[in-house]
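Taken in order, the sequence shown gives residues -19 to -1, 1 to 514; the numbers are from mature numbering (1 follows the signal peptide of the UniProt record, and there is no 0).
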Amino acid sequence: MRWRCVWLCFLAIVIDVQARLVRNHVSSICSTWGREHFKTFDGDMYQFPGMCEYNLASDCHESYQEFSVHMKREENDGDPTVSYVVVTINDHSFHLSKSQVTVNSLPVKMPYHNAGVQVEKNAVYVKLQSKVGITVMWNGDDAVMVELDNDYANRTCGLCGDFNGVPVYNEFIHKGRKTSPIEFGNKQKVHRPNDDCEDPYEEETESLEAGTVADSCKEFQTTCDQILHSASWSSCTKLINPELYIQACVQDMCGCTNRTNDFCVCSTLSEFSRQCSHAGGQPPNWRTPQFCAKQCPFNMVYEESGSPCMDTCTYQDTSSLCEDHKMDGCFCPPGTVFDDISMRGCIAQSECQCKHGKIYDSGEVYREDRVECMCLEGRWACKSLQMPATCAVEEGSHVTTFDGKTYTFHGDCYYTLAKVESKDEASPAFTILVQLVPCANEEFDTCLKTLKILLNNDRNNVLMFTSDGTVKQNTQTISLPYHSGDLNIFHASSFHILLQTSFGLQIQVQHVPIMQVYVSLDQSYRAKTRGEF
């Protein structure tokens, strides 16, 4: 009895392991590839050679259809290829072709983000994701993959099946009646006006459902078996049952008239590799320059399993934050990122530039408003600039302090507008005096008549600006522009005179229609000024 229990437990474990392999990592994935291969959401694999437009997967449970995915194959130099994929989500139709992507018949640029749908294109794949719970990937050639949220279980129809978790049932066995893949596939045809596409006939294909290989094809069994059962694929065969893929490989090689054509064997190996990577396995880099080679742009390299979120100069941490499944494609070599600024291919991060209106090399700076930014290896390092503070006397009596407070003052005398007594060389001493007088202009009660600057707080070293536009140094009138040591005085406009210094003081004097003064100090003078204003 004891050994019987042990045996039953062992048998249960074996059955569970095999069941997980039979499910073939397809809890929510359907795919088609190669000459005519389809794998349903429920894990069944069959062959259908139709070359018309077909419903690959649709939401068929409700009267309102959330999505549909259609596809069409065509012959290209003797090999089948997917000519286009049409994804309809609610009221938006996305037409994916080899040359462009259109939305409701209008071409769009990649990447596309709108209405809860994201469409991206890299060197290998076009990928569409929607918040309704569908992801569609097409390699631009023979392979399309559809992934659905589990919410769509028992709700789908099309070549991908009904997503009920039971292989074969309802697709090829319905109410006790067997349906051939040809019959099942032809039912999924999308009928278009003036469409003269012919349905394939039963004798054109041979189902692998029985798990057998035709005698005429057995010579290829050993080749395909040795490839997928080799040690290099062990990470994959632990996750995915390779037997159906071996049979598909045999059928591909047997059906090829030109057996040196890479397509005969590469398409199924590529699909097995894709499914392995998606399942969390690590497929080997099985391609060579002579066998199923792939070309990549720039200096990128082809990998069987890598992060689809590629690090770039603009987005350098994308891969570390990526939640998407790994996939095959063109990637930058380790230690490099893709230059999406100047499109120079894969470069060291230290060579990355930045972009803000124009391209900046690492170390270059731009200033905007109150911010200064430096490009550092593709990233902006920004800091807030300390802007000068301004004190103003406007319309003779309206005063704004350096701290932004405002008040009105009427006077008839000289008043200290600002005074610095610091002995710090960065902010030398000076005093600014303003003379207020009763105004002859009926519009104003008080007018600003004179501005005096006592440099180094020395009454014998005075600059004076008067309301008539005259500028004097001590008692001598000076002509503008004037430059002497730390001072630069010039006409900024017909009505404005500007005083600039090398020590952080700037004064703008307006003398038409009335005299107004604006005194600006660098932040180095903070808490160092005093004055009656």
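All C-beta atoms, glycine included, are put in the ideal place defined by N, C-alpha and C.
Through-space distance from residue j to residue i, alpha-carbon basis
i, j, result
"P315", "K336", "24 Å"
"W119", "T62", "11 Å"
"R507", "D384", "10 Å"
"V127", "A329", "35 Å"
"K170", "N36", "6 Å"
"E101", "Y388", "59 Å"
"residue 521", "S288", "Coverage of the chain is limited to positions -19 through 514, which leaves residue 521 absent and any answer about it impossible."
"S64", "C354", "48 Å"
"A260", "N103", "21 Å"
"I10", "I322", "35 Å"
"D130", "N71", "16 Å"
"W14", "G262", "20 Å"
"Q487", "H472", "14 Å"
"C311", "K364", "37 Å"
"K199", "V231", "8 Å"
"M(-19)", "K20", "Annotation note: pLDDT 42 at M(-19) (below 50); position unreliable, coordinate value reported separately. If you take the alpha carbons of M(-19) and K20, they lie about 43 Å apart."
"Y347", "C138", "57 Å"
"Y150", "C333", "55 Å"
"N455", "K433", "10 Å"
"D449", "S331", "58 Å"
"V493", "Q99", "60 Å"
"N85", "R16", "30 Å"
"V418", "P462", "28 Å"
"A38", "S44", "16 Å"
"V3", "F253", "Residue confidence for V3 is low, a pLDDT of 38 falling below 50, so the modelled location carries little weight; the figure read from the coordinates is stated next. One C-alpha to the other measures close to 14 Å."
Under the three-state DSSP convention, the category residue i falls into
i, result
"S460", "coil"
"Y182", "coil"
"Y296", "coil"
"N422", "coil"
"A370", "strand"
"Y226", "helix"
"H259", "helix"
"D132", "helix"
"F153", "coil"
"M234", "helix"
"N167", "helix"
"S286", "strand"
"A212", "helix"
"E349", "strand"
"S44", "coil"
"Y35", "strand"
Residue i versus the options, residue with shortest Cα-Cα distance
i, options, result
"T382", "K400, D393, Q367 and C394", "K400"
"G236", "P30, S9 and Q46", "P30"
"C290", "N266, A274 and F319", "F319"
"residue 554", "I163, D123, G139 and E284", "Because residue 554 is not part of the residues shown, which for the chain are -19 to 514, the question remains open."
"K275", "S251, G261, C257 and T295", "S251"
"M32", "A38, N167 and E304", "N167"
"Q481", "V490, M368, L468 and S474", "L468"
"P148", "Y182, G24, G326 and D503", "G24"
"Q256", "G392, S12 and S78", "S12"
"D439", "S343, K430 and I413", "I413"
"H18", "R136, S80 and S248", "S248"
"C294", "K339, W267 and R325", "R325"
"L444", "I470, L429, R16 and C420", "I470"
"L410", "D309, D298 and N437", "Per the sequence shown, the amino acid found at residue 410 is Ala instead of Leu. Answer by Cα proximity: N437."
"G121", "S78, I163 and Q416", "S78"
"M340", "D350, W361, E423 and F165", "A small correction: the amino acid at residue 340 is Ile; Met does not occupy that position in the sequence shown. The residue with the shortest Cα to Cα distance from I340 is W361."
Beta-carbon proximity check, residue i vs residue j, cutoff 9 Å
i, j, result
"E376", "I495", "yes"
"E34", "V68", "no"
"S501", "A370", "yes"
"F144", "L109", "no"
"G359", "S343", "yes"
Status (buried if at least 16 other CB within 10 Å, exposed otherwise) for residue i
i, result
"S197", "exposed"
"F272", "exposed"
"G97", "exposed"
"D176", "exposed"
"D40", "buried"
"Y27", "buried"
"F476", "exposed"
"H210", "exposed"
"E185", "Annotation note: pLDDT 47 at E185 (below 50); position unreliable, no value reported."
"T510", "buried"
"Q228", "buried"
"E284", "buried"
"S212", "A small correction: the amino acid at residue 212 is Ala; Ser does not occupy that position in the sequence shown. Under this definition A212 is an exposed residue."
"I154", "exposed"
"G466", "exposed"
"Y133", "buried"
Check: residue i C-beta below 8 Å from any heavy atom of the ligand GDP
i, result
"G97", "With respect to small molecules bound, the structure shown includes none, and the ligand GDP cannot be examined in it."
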